[in-house]
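So the structure is just underneath, and the comments pick up after that.
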């Protein structure tokens, strides 16, 4: 498996996380899969990887998400770096859904953690997970099969998705925009607008841009090539410029935010509604006497 660079994460946080995860189990998983053969089930041979994606390391891993090591290590690490709890954080996106979707697409779905939760929340809906990494899709498919969830996994670029206009009622994106340049994020929002039916909703979970601006040390913890430019931007403004109405961004556990917007009828006032509402964390805390809902484990 690939070795990360000497980042703050590698020096301080990574040793702590390594105490909590079973590295031998990850090694067995990594070595037990023929990644090229498995990836070929998803890989679109004519897909051209954008330069911003193929030329960068993410999370200190050489080759970023085009390295199978990233797919194997993503879930075990992410559960420790999304305070207060990964499932609670991802649930924030789902709690903000105001439509009753029949068709959902999760852009930049990664290993499918939010995608699976969307299918669990809306079991009658058709759910599609799309990602640029065939290796992340291999892990996502493993998880959905283990959970018994029927989800379509597609290899593709969220800037240009191979579906017709108005194909979906809900477009979701979790932890995607801080990993893309702002110009790409804006392009993804324009594509989201195209993909949605009139009255459909976009829902975006990501790092809190205001918090990241005010606490620069947070942007230095992980090797994220675009997070500083993400922090200086505004998803509200990007969504409004893409045509969305009723745009709202809510603080979510201080370090996260959830943004929602609606595709309006033609001719409606497109001026987005700006809102800053702090979610009550007590409303989102699961019953500590029971199991946490959400992401099925895999081994």
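Numbering (our numbering), first residue to last: 1 to 299.
A virtual CB, placed ideally from N, CA and C, is assigned to each residue, including glycine.
- Message: Along the chain, where does the beta strand (DSSP E) containing residue 152 start, and where does it finish?
- Response: The residue you call residue 152 lines up with position 152 of the chain shown. Residue 152 -> beta strand (DSSP E) spans 152 to 155.
- Query: Among 140, 99 and 82, which has the Cα closest to the Cα of residue 196?
  - Reply: On the chain shown, residue 196 is found 196 positions in, with the first residue counted as 1. Selected option, being the one with the closest Cα: 99.
- Task: May I ask which residues mark the beginning and end of the beta strand (DSSP E) holding residue 173?
- Result: Residue mapping note: residue 173 aligns to position 173 of the chain shown, counting from 1. Its beta strand (DSSP E) spans residues 168 to 174.
- Message: Judging by CA-CA distance, which residue of 243, 192, 202 and 250 is the nearest neighbour of residue 211?
- Response: One-based indexing of the chain shown puts residue 211 at position 211. Taking only the C-alpha atoms, the option nearest residue 211 is 250.
- What's the gap between the Cα of residue 163 and the Cα of residue 185? Position 163 of the chain shown, counted from the start, is the residue given in the question as residue 163. Position 185 of the chain shown, counted from the start, is the residue given in the question as residue 185. Answer to the nearest angstrom: the Cα atoms are 19 angstroms apart.
- Task: Work out the CA separation of residue 248 and residue 234 for me, nearest whole Å.
- Result: Sequence index remark: in the chain shown, residue 234 carries index 234 (1-based). Sequence index remark: in the chain shown, residue 248 carries index 248 (1-based). The straight-line gap from Cα to Cα measures roughly 11 angstroms.
- Query: In terms of residues, what are the limits of the alpha helix (DSSP H) holding residue 118?
  - Reply: Your numbering for residue 118 matches position 118 in the chain shown. Segment 113 to 121, the alpha helix (DSSP H) holding residue 118.
- residue 216 in three-state terms, based on DSSP: The residue you call residue 216 lines up with position 216 of the chain shown. Correct three-state label for residue 216: helix.
- Task: Assign residue 206 to buried or exposed, taking buried as 16 or more other Cβ atoms, counted over all protein chains shown, within 10 Å of its Cβ.
- Result: Position 206 of the chain shown, counted from the start, is the residue given in the question as residue 206. So residue 206 counts as buried.
- In chain order, each alpha helix (DSSP H) run of at least 4 residues that lies wholly inside the stretch 47 to 109: List check, alpha helix (DSSP H) in window: 51 to 54, 68 to 81 and 86 to 95.
- Task: Identify, in the order they occur along the chain, each residue of the same chain with its Cβ nearer than 7 angstroms to the Cβ of residue 244, setting aside the five sequence neighbours on each side.
- Result: Walking along the chain shown from the start, residue 244 turns up at place 244. Excluding sequence neighbours, residue 244 sits near 193, 202, 261, 262, 263 and 272.
- Item | Status (buried if at least 16 other CB within 10 Å, exposed otherwise) for residue 252 | Sequence index remark: in the chain shown, residue 252 carries index 252 (1-based). By the neighbour-count rule (16 or more Cβ atoms within 10 Å), residue 252 is buried.
- Query: Which residue comes first and which comes last in the beta strand (DSSP E) that contains residue 126?
  - Reply: Your numbering for residue 126 matches position 126 in the chain shown. Element bounds for residue 126: 126 to 131.
- Item | Residue from 232, 131, 125 and 215 whose Cα sits closest to the Cα of residue 178 | Position 178 of the chain shown, counting from 1, holds the residue named residue 178. Checked all of 232, 131, 125 and 215; the closest Cα to residue 178 is 232.
- Message: Once the 5 residues before and after residue 44 are set aside, which same chain residues still bring their CB inside 7 angstroms of it?
- Response: The residue you call residue 44 lines up with position 44 of the chain shown. Beyond the five residues adjoining it in sequence on each side, residue 44 comes within less than 7 angstroms, by CB distance, of 155 and 156 in the same chain, given in chain order.
- Query: Using 8 angstroms as the threshold, is the stretch 118 to 128 in touch with the stretch 37 to 51, meaning 3 or more CB pairs across them?
  - Reply: By the Cβ test, the stretch 118 to 128 is not in contact with the stretch 37 to 51, since fewer than three Cβ pairs between them sit closer than 8 angstroms.
- Task: Return the first residue and the last residue of the alpha helix (DSSP H) that residue 235 is part of.
- Result: Taking the first residue of the chain shown as 1, we reach residue 235 at position 235. For residue 235, the uninterrupted alpha helix (DSSP H) segment begins and ends at 235 to 242.
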